[in-house]
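Here's the structure, in structure tokens; my notes come after.
In our numbering, the protein residues as written are 180 to 246.
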């Protein structure tokens, strides 16, 4: 899983290992020749809570509780 504080995990889907790539300066997506879904079934989990499409209330308040 990728992502992090303030950054959606779906960034990997949309920019790195998903079936399409959005190239800088282009108006449409291009097929990704290195897409992970050509070799396996892939599930992208949206995290952390509050970014992208995820909803809910975080149950932790700092990095000590996260660890």
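Virtual Cβ for every residue (Gly too), placed ideally from N, Cα, C.
Here the structure is a predicted model, which is why all the values come from computation and not from measurement.
- The three-state secondary structure of residue 222, taken from DSSP, is coil.
- In its own chain, leaving out the 5 sequence neighbours on each side, no residue places its CB closer than 7 Å to the CB of residue 241.
- For residue 215 and residue 221, the gap between their C-alpha atoms comes out near 7 Å.
- Of the other Cβ atoms in all chains shown, 16 or more fall within 10 Å of the Cβ of residue 189; this residue is therefore buried.
- Setting aside the 5 residues that flank it on each side, residue 210 is surrounded in the same chain by 198, 199, 200, each with a C-beta closer than 8 Å to its C-beta; the list follows chain order.
- Under DSSP, residue 208 forms no beta bridge with any residue.
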